[in-house]
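In order, the protein sequence lines correspond to chains A and B.
The first sequence: position 53 = 1423 (the numbering used here), numbered continuously.
The second sequence: position 247 = 259 (the numbering used here), numbered continuously.
Here a beta-carbon is modelled for each residue, glycine too, at the ideal position from N, C-alpha and C.
Fair warning: this is a prediction, and the values are worked out from it, not measured in the lab.
Below is one structure, written out as structure tokens, with a few remarks after it.
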Amino acid sequence: MEKLEGLDALKSRINAAAQPQEQALFNELFSEDTLKQYGSFADAMPNHVVAIGDTWQVKKDINSSIGGLTLAMKYTFKNWEQHDGRQCAHVTEVGNILTKNVSTATGMAVEITNGDISGEFWYDPALGMIVDADNHQNMTLKIITRAQTLSSQINRNVRLALLAGQ
Amino acid sequence: MPELDDIALLRQYAEDNSESAFSMLAEKYVNLVYSTALRGTGNAQAAEEITQAVFIILARKARSLSKRTILSGWLYQTTRLTAANFLRGEIRRQKREQEAYMQSTLNEPEPEVWPQIAPLLEAAMTGLSEKDRNAIVLRFFENKSLGEVGSALGANEAAAKMRVHRALEKLRKFFSKRGIVLSAPLIAGAISTNSVHAAPVGLAVAVTATAAQGSAAAASTLTLVKGALKLMAWTKMKAAAVTGAVVLLTAGTTTIAVKEFAGHRASETRGGPVDMKITWIAGREYPMHIEMDQTASTDVPGRPQSVVQGVNLTQDFDFSALKQLDNGGWQLELKFDSETMDISQGDRSVMSFNSAQSAAQDAGDPAAPILRAMIGTRFNISPMRKAGWKNWKAWTH
């Protein structure tokens, strides 16, 4: 493996050959803020021992191209479950994501006026790892672009799984 | 693959002006288009005009359709959109008629399956992702085998079976929520038997003459074409903007960073307590898979119906734990192994990328090189907890 360049330099190199709309897509998908999230699932964990029925809350500010967002989640340790052959702690989550401040850097103003999140995950203490997570998001967006105000309803399902063999 | 043959015919028409190639496509799909239009309008004359318009649009789009386009699915969506455009201004009337129709079927002692689902089928199909919709069109509108469905979708038979099963289940739930409680096999059988029937004799010849040979179309048909094309172009532009704005939240809302513990309560303990710590093991790889399925429905002033966009994203990536930092966090390495991304905008596919395919198949997809460049790139991350995120570096092979 050869050290090549930093993230910004890599993005510059890729973007040099891309059209503006493609650059925007790339920057959204592989922004520093987005990539950071890949490794942050650990922080959904409580910072001490929990028992069935215990709850804990997590808040986070997210930087994004549409502005600052606030994520507030509440987790509940529901029970122990066999999940894909593993003895796992089953945790449910509920919360919301809302716009904290709107950015117009993309040429339009996007505000999350309603953002409900629910989901669940399974933590395997033998691995010390979340092995499966399901997340459902229902968001209402107010979008102002070119003097038009649009309303968008977004339904999103995300599943993250640690692949077999671990 | 049959679907690739369709696109080959379309290319032949576009590049060689081959009327015979277009005629073959018209003969093959005129029943599908006409039946969908008839179901959408309930008017045979309107259905013929919409069929004409759809094939004119096909002729105009012949050069721009991606080789991965599943033509039957594209024609189905274009027909649905054109019919919706035709019905603009008549939505209330249509709704009243549908309600009356539904009421009449509810009064029947043992209603047939098809009359129950037919008035709602297009609405149900609209709620499916492009892949799910294509799977239903291929399997039940065209009555293709699961192997053929898989081949057209770029998947194996087992994956196609799963896709069809899930899509059918979504249709079942859609109907069930509206009081039409039927089993998935009954719905599948009804669609398979009734969704496509014969168009009027000579319609395929007529649409070929109009669309491919340039014979004069009725002014109302051309108006229909113009309106549908506008709607399609507008749909694409808005969908790209909204998709770009919100897709970044995929990972962000699935996973959580800075923690502010609050409100732990000691409650009744019925099982063993657990310390839920993430335990990285130095030198170990953690392969992960993420799937994101998103539907965005956007209301726009002056538009008769919402614009529906779909995004389907899958990623395989590895985390490697490099070393533990003094602050207790871990230096991790993130590497993207594979990625698929499908973005649909109303009637058409905007992007269909699969890193597992040869780069030669990326032709016509300008975003593909960008996504492909990420595969294999390693991000050295020094994150976590107390230290915060910093010291980002990108590495590559």
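| Query | Result |
| --- | --- |
| Residue-chain proximity (Ser1488 of chain A, chain B), Cβ-Cβ < 7 Å | no |
| Arg92 of chain B burial status per 10 Å Cβ neighbour count (16 or more: buried) | buried |
| Expected contact under 8 Å - CB spacing of Ile1487 of chain A and Val1464 of chain A to nearest Å | 7 Å |
| Amino acids of chain B, ordered along the chain, whose beta-carbon sits closer than 9 Å to that of Leu1468 of chain A | The contacting residues do not exist; Leu1468 of chain A stays about 11 Å from chain B at best. |
| Residue-level contact to chain B via CB, Glu1514 of chain A, 7 Å cutoff | It should be noted that the sequence gives Ile, not Glu, for residue 1514 of chain A. Cβ-Cβ to chain B under 7 Å: no for Ile1514 of chain A. |
| Per-residue burial, Val1461 of chain A [other beta carbons within 10 Å of its own, 16 or more giving buried] | buried |
| Arg390 of chain B vs Glu351 of chain B beta-carbon contact at 7 Å | no |
| Under 7 Å (Cβ pairs) to chain A, residues found in the stretch 348–362 of chain B | none |
| Candidates A:Ser1522, A:Ser1435, A:Phe1447, A:Lys1430, of which the one nearest Gly1423 of chain A by Cα | A:Phe1447 |
| Contact with chain B by Ile1501 of chain A, beta-carbon distance below 7 Å | Correcting the residue type first, residue 1501 of chain A is Val in the shown sequence and not Ile. Val1501 of chain A does not count as touching chain B. |
| Backbone CA spacing between Ala179 of chain B and Arg145 of chain B [nearest angstrom] | 7 Å |
| Same chain only: Cβ atoms within 7 Å of Leu118 of chain B, ignoring 5 sequence neighbours per side | Its pLDDT being 47, under 50, Leu118 of chain B is placed unreliably by the model, and the measurement read from it follows with that caveat. Correct list: empty, nothing qualifies. |
| Nearest-angstrom beta carbon gap, Ala333 of chain B and Arg410 of chain B [assumed within contact, 8 Å] | Because chain B is modelled from 13 through 409, residue 410 of chain B falls outside the range shown and cannot be assessed. |
| Touching by the beta-carbon criterion (3+ pairs, under 8 Å), the stretch 223–240 of chain B and the stretch 55–71 of chain B | yes |
| Local Cβ density within 10 Å of Thr222 of chain B, reported as buried at 16 or more and exposed below that | buried |
| Min CB distance Asn1525 of chain A to chain B below 7 Å | yes |
| Within 7 Å, strictly: CB atoms of Gln1427 of chain A and Lys1444 of chain A | yes |
| C-alpha distance - Gly54 of chain B paired with Asn392 of chain B, whole-angstrom precision | 60 Å |
| Asn55 of chain B - containing beta strand (DSSP E), residue span | Where Asn55 of chain B is concerned, there is no enclosing beta strand (DSSP E), given that its DSSP letter is neither H nor E. |
| Burial state of Gly159 of chain B (16 or more Cβ within 10 Å) | exposed |
| Other residues of its chain near Arg277 of chain B: CB distance less than 6 Å, five sequence neighbours each side excluded | Interpretation of Arg277 of chain B is limited by its pLDDT of 29, a score under 50 that renders its predicted location unreliable; the figure taken from the coordinates is listed afterwards. Around Arg277 of chain B: no qualifying Cβ. |
| Coil, strand or helix - Ala59 of chain B by DSSP | helix |
| Element boundaries [beta strand (DSSP E), containing Val219 of chain B] | That residue, Val219 of chain B, is in no beta strand (DSSP E); its alpha helix (DSSP H) goes 215–223. |
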